[in-house]
Amino acid sequence: MFNEEAQMMDLDEIRELQEKRLKKQVKYAYENVPMYKKRFKEEGVKPSDVKKLEDVKKVPFTVKDDLRDHYPYGILAVPKEEVIRFHASSGTTGTPTVVAYNRKDMEVWGDLMARAYSSAGVKPEYTVQNAYGYGLFTGGLGFHQGAEVLGCSVLPTSTGNTKKQVTMLNDFQTEVLACTPSYAIYLSEAAEKHGYDPKEDFNLKVGMFGAEPWSEEARESIEEAFGLKAQDTYGMSELYGPGVAIECPEQNGLHIWSDQFLVETIDPKTGEVLPEGETGELVFTMLTREAMPLLRYRTKDVGSVTYEECECGRAHPRIEKIEGRSDDMLIVGGVNVFPSQVEAALLETEGISEHYQIIVDRDVLDKLFVRAEVDKDHYESEEYDEEKLKEEASENLKAVLNIKARLKLLEPGTLPRTVGKAKRVIDQREEQDRIEDL
Ligand code: DLL
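Start counting the sequence shown at 848; every next residue gets the next number (this note's numbering).
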């Protein structure tokens, strides 16, 4: 077992270490990040007020906008020269939120990812086909590094080029597939289309799936198609990336590596800390990150955490299931999309009105559609050129989204008007009555 000492700590050891690290990290953040010093002062809190684990409640929250407001370098606690990696994820307005890592942070992240593979049943002699996207997204490089730390070989296939992925699954007899669960389903279908039986012809043993919500049915169908064990992995860019929590072979929740993360569950409306086991927004404090410490980071992910013993023997608490989001962020094919980003891009295009709809649909892969009405005055004016307007709006959408959106322009007055809140987002991935005119 990789880093057995950390994986198998008992709860008392975990809590003792958390308390020690929390006190140190709060002081470190206060002394090195001006934003934290300012916020502590505003709220009348001193690092020395944090003496016990439960004192974490006194620490102010950090939210995604805090990172966005500090674009591009985030809330660095070290000189930029010490940073060796940046990643970035979507922000609500199109300004990305940037995360920074120094050498020590990269080592910690690599260790967490290697633990994740190891507790999911991956062995150092396996080959990992890594079909998460490489780039600013943390999935590709995070899964890559962790596999190397464990001692696996990596095939860095990244996303796309499905035919090649399928061929490599066959030729290399890859034991591990790392990708979003929706892409895994797509791959199994593509494999069959190309004449393979994914269960017989491939040698997959473990799937490291995550970055988006998926159901037990999806798990069953992936396990059945490939004959592998499909493990859920959770994380987010702000908290290193993947590697925050992982399922063990018991598949009964995701163990949070609690020597590195202190988790709380809060009521998203009041910010009040909820009793153990209750469902609420997950809040994480990073206990050792140096380049960019994060205290009480509000993830907007909703779930519940249990400290009950797990059959596997790990005492690290488990997220029972990520049940959804407390904001309106959509995850489309593993890519985060904020409706506000789409709106900003549309309104930036002269000639597009404020009446629009965002539709997420799925055949095998998720797809994003945007239907927008042309502004009435523009529609009636001489200069209206549908093709040109569509091109311009599509360009603006492309600039803020990390995924392709198919845009359709509509005549003024086409979309339904409501007296109340407009229903701008339609997620018809699970629905039967679909809008077909996309
Ligand atoms: O998705 C990091 C990651 C990569 C995790 C690969 C797992 C595997 P972000 O792009 O910042 O980072 O998106 C983070 O995705 O707040 C959740 O809403 C969602 N998410 C991530 N993992 C899961 C999961 C990566 N296993 C956001 N189940 C998070 C449900 C997930 N939602």
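Ideal Cβ positions, reconstructed from N, Cα and C, are used throughout, including at glycine.
Just so we're clear, the structure is a prediction, and the values are computed from it rather than from any experiment.
Exercise. Is it true that the stretch 1268-1283 meets the stretch 1230-1240, where meeting means three or more beta-carbon pairs spaced less than 8 Å apart?
Worked result: no
For this session: Please name the residue in 957, 945, 1098 whose C-alpha comes closest to that of residue 1166.
Result: 1098
Exercise. Roughly how many angstroms separate the alpha carbons of residue 855 and residue 999, rounded to a whole number?
Worked result: 22 Å
Exercise. Residue 960 and residue 1090: beta carbons closer than 8 Å?
Worked result: yes
Exercise. From which residue to which residue does the alpha helix (DSSP H) around residue 863 run?
Worked result: 858-879
Problem set entry | Cβ-heavy atom distance, residue 1112 to the ligand DLL, below 7 Å | no
Problem set entry | Nearest neighbour of residue 1128, chosen from 1172, 1153, 1036 [CA to CA] | 1172
For this session: Compare the C-beta of residue 1000 against all C-beta atoms of chain B and say whether one is closer than 8 Å.
Result: Among the chains of the structure shown, chain B does not appear; only one protein chain is present.
Exercise. Alpha carbon to alpha carbon, what distance is there between residue 1261 and residue 1104?
Worked result: Straight-line spacing of the CA atoms in residue 1104 and residue 1261 works out to 51 Å.
Problem set entry | beta strand (DSSP E) segment containing residue 1235, residue limits | First-last for residue 1235: 1233-1247, but that is the alpha helix (DSSP H), not the beta strand (DSSP E).
For this session: Return helix, strand or coil for residue 985, following the three-state DSSP convention.
Result: helix
For this session: Quick one: which unbroken beta strand (DSSP E) runs of 3-plus residues sit fully inside the stretch 1022-1098? Chain order, please.
Result: 1023-1026, 1053-1057, 1076-1083, 1088-1094
For this session: Kindly examine the ligand DLL and report whether one of its heavy atoms sits closer than 7 Å to the Cβ of residue 866.
Result: no
Problem set entry | Distance cut-off 7 Å: residue 1228 Cβ against heavy atoms of the ligand DLL | A distance criterion of 7 Å places the beta-carbon of residue 1228 beyond contact range of the ligand DLL, judged by its closest non-hydrogen atom.
For this session: Give a single yes or no on whether residue 848 has its beta carbon closer than 7 Å to a heavy atom of the ligand DLL.
Result: no
For this session: Kindly confirm or deny that the stretch 916-933 and the stretch 1064-1080 touch, where touching means at least three C-beta pairs closer than 8 Å.
Result: no
Exercise. Quick one: what's residue 1214 bridged to in DSSP?
Worked result: 1208
Exercise. From residue 820 to residue 1087, what does the alpha carbon distance come to, in whole angstroms?
Worked result: Coverage of the chain is limited to positions 848 through 1285, which leaves residue 820 absent and any answer about it impossible.
Exercise. Tell me which same chain residues have a C-beta within less than 6 Å of the C-beta of residue 1052, skipping the five on either side of it?
Worked result: 1022, 1075
For this session: Counting only the same chain and skipping the five closest in sequence on each side, list residues whose C-beta sits under 7 Å from that of residue 962.
Result: 849, 850, 853, 854, 1104
For this session: Please confirm whether any heavy atom of the ligand DLL lies closer than 7 Å to the CB of residue 1127.
Result: no
For this session: Sort 992, 1081, 1029, 1047 by Cα distance to residue 1066 and report the nearest one.
Result: 1029
Problem set entry | residue 910 and residue 1109 closer than 8 Å at C-beta | Pairing residue 910 with residue 1109 gives a Cβ-Cβ distance that is not under 8 Å.
For this session: With hydrogens ignored, establish whether the beta-carbon of residue 1063 is closer than 7 Å to any heavy atom of the ligand DLL.
Result: Not under cutoff, so the answer is no.
Problem set entry | 7 Å Cβ shell around residue 980 - same chain, five flanking residues per side excluded | 986, 987, 1005, 1006
Exercise. Candidates 1283, 1235, 984, 1020: which alpha carbon is nearest residue 1248's?
Worked result: 984
Exercise. Distance, Cα to Cα, residue 1177 vs residue 1012?
Worked result: 27 Å
Problem set entry | Length at least 4, wholly inside the stretch 938-1006: the alpha helix (DSSP H) runs in chain order | Entirely contained in the stretch 938-1006, the alpha helix (DSSP H) runs reaching 4 residues are, in chain order, 950-966, 985-997.
For this session: Count the C-beta pairs between the stretch 1149-1158 and the stretch 1120-1134 that are closer than 8 Å, then say yes if the count reaches three, no if not.
Result: yes
Exercise. Exposed or buried, which one is residue 1228 when buried takes at least 16 other CB atoms within 10 Å?
Worked result: exposed
Problem set entry | Proximity below 8 Å, CB of residue 1256 to CB of residue 1207 | no
Exercise. Smallest Cα separation from residue 889: which of 879, 898, 905?
Worked result: Comparing Cα-Cα distances from residue 889 to each of 879, 898, 905, the minimum goes to 905.
Problem set entry | Close Cβ partners of residue 919 (< 7 Å) along its chain, the five nearest in sequence each way excluded | Correct list, in chain order: 945.
For this session: Would you mind reading off the limits of the alpha helix (DSSP H) that contains residue 935?
Result: Run containing residue 935: none in the alpha helix (DSSP H); it sits in the beta strand (DSSP E), 930-936.
Exercise. What do you get for residue 1085, buried or exposed, if any count of 16 or more other CB atoms within 10 angstroms of its CB means buried?
Worked result: buried
For this session: Give a single yes or no on whether residue 1059 has its beta carbon closer than 7 Å to a heavy atom of the ligand NAD.
Result: You won't find the ligand NAD in this model; what it holds is the ligand DLL.
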